[in-house]
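Structure, as structure tokens:
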Amino acid sequence: MMRGGESDFTRLATWLIELPDIPLSSVPRTPSPTKRRRQDEDQDETPRAPPSTKGPTDDSLDQLFSRDHDSRPSRSSRSSRSSPVKHDLAMRFARSLPLDRRPIVSAPRHVQQLAGRLTDLEGKHGILPAKLKDAIQAHQSLSEPIKDYMFTSDGIDANANTEADSNDDGSPHDGSLEQLDRLVKIRDNTRECDTIGRNFHEVEWNETVHSPMLRLVTRGRRDLACRNLTQANVSRRWTDPETQDNRIDYGIFVVPAEDSDLHHRILTYIQQQRGSQVNPLIDIDPDRPLAVSIETKRLAPGVEKADTQLASFARCLIRLTRELTPPEDPQLVLPLLRAVGSAWEVGFIIREKDRAVVNDSFYLG
Numbered sequence: 001m002m003r004g005g006e007s008d009f010t011r012l013a014t015w016l017i018e019l020p021d022i023p024l025s026s027v028p029r030t031p032s033p034t035k036r037r038r039q040d041e042d043q044d045e046t047p048r049a050p051p052s053t054k055g056p057t058d059d060s061l062d063q064l065f066s067r068d069h070d071s072r073p074s075r076s077s078r079s080s081r082s083s084p085v086k087h088d089l090a091m092r093f094a095r096s097l098p099l100d101r102r103p104i105v106s107a108p109r110h111v112q113q114l115a116g117r118l119t120d121l122e123g124k125h126g127i128l129p130a131k132l133k134d135a136i137q138a139h140q141s142l143s144e145p146i147k148d149y150m151f152t153s154d155g156i157d158a159n160a161n162t163e164a165d166s167n168d169d170g171s172p173h174d175g176s177l178e179q180l181d182r183l184v185k186i187r188d189n190t191r192e193c194d195t196i197g198r199n200f201h202e203v204e205w206n207e208t209v210h211s212p213m214l215r216l217v218t219r220g221r222r223d224l225a226c227r228n229l230t231q232a233n234v235s236r237r238w239t240d241p242e243t244q245d246n247r248i249d250y251g252i253f254v255v256p257a258e259d260s261d262l263h264h265r266i267l268t269y270i271q272q273q274r275g276s277q278v279n280p281l282i283d284i285d286p287d288r289p290l291a292v293s294i295e296t297k298r299l300a301p302g303v304e305k306a307d308t309q310l311a312s313f314a315r316c317l318i319r320l321t322r323e324l325t326p327p328e329d330p331q332l333v334l335p336l337l338r339a340v341g342s343a344w345e346v347g348f349i350i351r352e353k354d355r356a357v358v359n360d361s362f363y364l365g
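With UniProt numbering, letter number 164 in the sequence shown gets 164, and the count goes up by one each step, no holes.
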């Protein structure tokens with residue numbers, strides 16, 4: 001039906017929008033070996049949020065019908081998202097919050113001090129509770145010997161901010177044995193996934209190793225919470241349209257106590273500014289700051305994407321923090337945790353004037 005005053009462009013756009021979809025099953029097609037190979041490769045990727053199902057917008061229609069539109073930039077954009085090198089270059093030369101990568105030795109003093117405390121853990125001095133010495137030594141092996149210096153000298157766990165510790169009577173029956181059993185199970189799962197000749201995809205690594213380890217670390221803590229963020233999106237308010245792929249696998253959030261000054265400040269901020277939040281994610285705990293950004297992979301082609309994904313997400317997080325902290329604040333340090341198979345590494349990103357600076361990551365264990 002023709003409508004008075006409508007242009008040919010408007011009628012054609014309306015016709016395309018109202019055109020019914022043709023069922024895929026009714027379209028004859030020849031199977032493509034190339035597409036089958038791509039499906040096999042995609043099985044290893046951590047499931048992400050599905051693309052938007054919203055209808056075409058005015059901008060997309062203008063782009064579709066514009067005579068001056070060239071599809072080459074679109075292909076280039078997809079290529080830059082699929083290539084970690086191109087993605088990293090795009091962030092380095094971005095107009096908003098460009099990215100710098102620097103060695104840890106050039107980091108500010110407070111960042112080096114934090115890194116130093118973490119590297120001290122590599123020596124494994126006093127990291128195991130003495131009350132579990134017998135139980136832990138029962139699980140040692142020739143490749144993983146347990147030494148006396150690894151245990152605390154006083155038998156008291158250094159972590160005093162968990163529900164179990166608040167009721168700790170010094171015995172190994174306060175929940176610590178249960179945590180040890182879970183840790184042993186994670187170790188066994190890691191060995192299985194690392195078996196040469198057996199193919200364990202990234203999803204299985206996450207299900208049996210990475211997620212259980214992160215849950216174990218935060219289990220029972222009153223001040224931390226771990227969330228799976230594979231389906232979470234960053235609000236457009238803090239994304240960079242020039243560099244896509246702003247998702248990560250997991251996040252550890254700060255959970256302020258209800259009677260704390262931090263909780264009061266966050267509550268007041270959100271109440272006074274409609275639509276405000278203290279993390280950049282859509283509909284994910286808007287009153288909880290994101291403390292640690294985590295990306296997980298298995299040791300396979302594509303593992304190098306972890307660094308670019310973390311950096312891309314962290315730049316979104318920095319854009320948010322610029323609204324919450326004074327620009328001259330030098331103390332804001334955002335940890336970036338990367339797990340590749342059984343290897344865990346941590347790096348840091350800081351805000352330096354109008355730039356995001358990532359320091360080299362180092363091995364945790």
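Where is the CB? At the ideal position from N, CA and C, for every residue including glycine.
| message | On the criterion of 16 or more Cβ atoms from any shown chain inside 10 Å, does R237 qualify as buried, or is it exposed? | response | Against the sequence shown, residue 237 aligns to sequence position 237. When all chains shown are included, R237 counts as exposed.
| Under 8 Å between C-beta atoms of A225 and R182 | Taking the sequence shown and counting its residues from 1, one reaches residue 225 at position 225. Taking the sequence shown and counting its residues from 1, one reaches residue 182 at position 182. Going by C-beta atoms, A225 is not nearer than 8 Å to R182.
| T296 vs D240 beta-carbon contact at 8 Å | Counted from its first residue, the sequence shown places residue 296 at position 296. Counted from its first residue, the sequence shown places residue 240 at position 240. The answer is no: Cβ separation not under 8 Å.
| Q39, DSSP secondary structure in three states | Working through the sequence shown from its first residue, we reach residue 39 at position 39. Residue placement at Q39 cannot be trusted, given a pLDDT of 45 that sits under 50; the coordinates are not used to answer.
| message | Using only the alpha-carbon positions, how far apart do W205 and L336 sit? | response | Translated into positions along the sequence shown, residue 205 becomes position 205. Translated into positions along the sequence shown, residue 336 becomes position 336. Going from the Cα of W205 to the Cα of L336 covers about 19 Å.
| Would you report the Cα separation of T325 and P280, rounded to the nearest angstrom? | On the sequence shown, position 325 is the one that residue 325 refers to. On the sequence shown, position 280 is the one that residue 280 refers to. Taking the straight line joining both Cα atoms gives about 15 Å.
| task | Starting from the C-beta of L299, find all residues in its chain whose C-beta is less than 7 Å away, skip the five residues before and the five after it, and write them out in chain order. | result | By 1-based counting over the sequence shown, the position of residue 299 is 299. V340, G341, listed in sequence order.
| message | Helix, strand or coil for N228? Go by DSSP, reduced to three states. | response | The residue labelled residue 228 in the question sits at position 228 within the sequence shown. Strand at N228.
| Counting pairs of beta carbons, one from the stretch 341-358 and one from the stretch 100-111, are three or more of them closer than 8 Å? | yes
| Can you tell me whether DSSP reads S166 as helix, strand or coil? | For the purposes of this step, residue 166 is identified with residue 166 of the sequence shown, where counting begins at 1. In this prediction, S166 scores a pLDDT of 49, lower than 50, which makes its location untrustworthy; no coordinate-derived value is stated.
| field | A94 to G302 span [Cα, whole Å] | value | Mapped onto the sequence shown, residue 94 falls at position 94. Mapped onto the sequence shown, residue 302 falls at position 302. Computed Cα separation, rounded: 23 Å.
| task | Mind checking which residues open and close the beta strand (DSSP E) that includes E352? | result | Start at 1 with the first residue of the sequence shown, and residue 352 comes out as number 352. 343-352 is the span of the beta strand (DSSP E), which, as asked, contains E352.
| query | In whole angstroms, what separates the C-alpha of V292 from that of D134? | reply | Indexing the sequence shown from 1 puts residue 292 at position 292. Indexing the sequence shown from 1 puts residue 134 at position 134. Taking the straight line from one Cα to the other gives about 33 Å.
| request: Look up L89 in the DSSP assignment and say whether it is helix, strand or coil. | output: Position 89 of the sequence shown holds residue 89. Helix.
| request: Using the Cα positions of residue 407 and N228, report the straight-line distance between them to the nearest angstrom. | output: One cannot answer for residue 407 here, as it falls past the ends of the chain, which runs 1 to 365.
| request: Return the residue from the list R221, Q140, S176, S106 that minimises the CA-CA distance to D188. | output: Translated into positions along the sequence shown, residue 188 becomes position 188. Checked all of R221, Q140, S176, S106; the closest Cα to D188 is Q140.
| query | Between T325 and chain C, is there a C-beta pair that is closer than 8 Å? | reply | The chain inventory of the structure shown lacks chain C, comprising one protein chain alone.
| said: Taking a contact to mean a Cβ-Cβ separation below 8 Å, would you say N233 touches C316 in this structure? | reply: By 1-based counting over the sequence shown, the position of residue 233 is 233. By 1-based counting over the sequence shown, the position of residue 316 is 316. For N233 and C316, no; Cβs fall outside 8 Å.
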